[in-house]
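This report refers to the structure that appears directly beneath it.
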Amino acid sequence: MTLTLEQTARSSAFNLALGYLTALFNHTPEMIRQCQDIPIYLGSLIPAMKSAARFF
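Read in numbering that gives the first Met the number 0, the sequence shown has 2 at position 3, and its numbers run on one by one without any break.
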């Protein structure tokens, strides 16, 4: 996921500043794996995934 974002991003915030976080979640949703991106975004990713899981 990280390589795909780096290679295809058109925004300099993504491909130069590495301003993103990639992670895999299961159906619960619990995080299974976090890549070595900027972990500060983790604070918003987990609640966002829980909200998306409740919606769907």
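Just so you know, even glycine gets a beta-carbon here, dropped at the ideal spot from N, CA and C.
Check	Outcome
Whole-angstrom distance between Phe55 and Ile37, CA atom to CA atom	27 angstroms
Enclosing alpha helix (DSSP H) for Ala51 [first to last residue]	Leu41 to Phe54
Rounded separation between Leu23 and Thr7 - CA only	19 angstroms
Alpha-carbon spacing of Ser10 relative to Met30, whole angstroms	26 angstroms
Beta-bridge partners of Phe24, as assigned by DSSP	Met30
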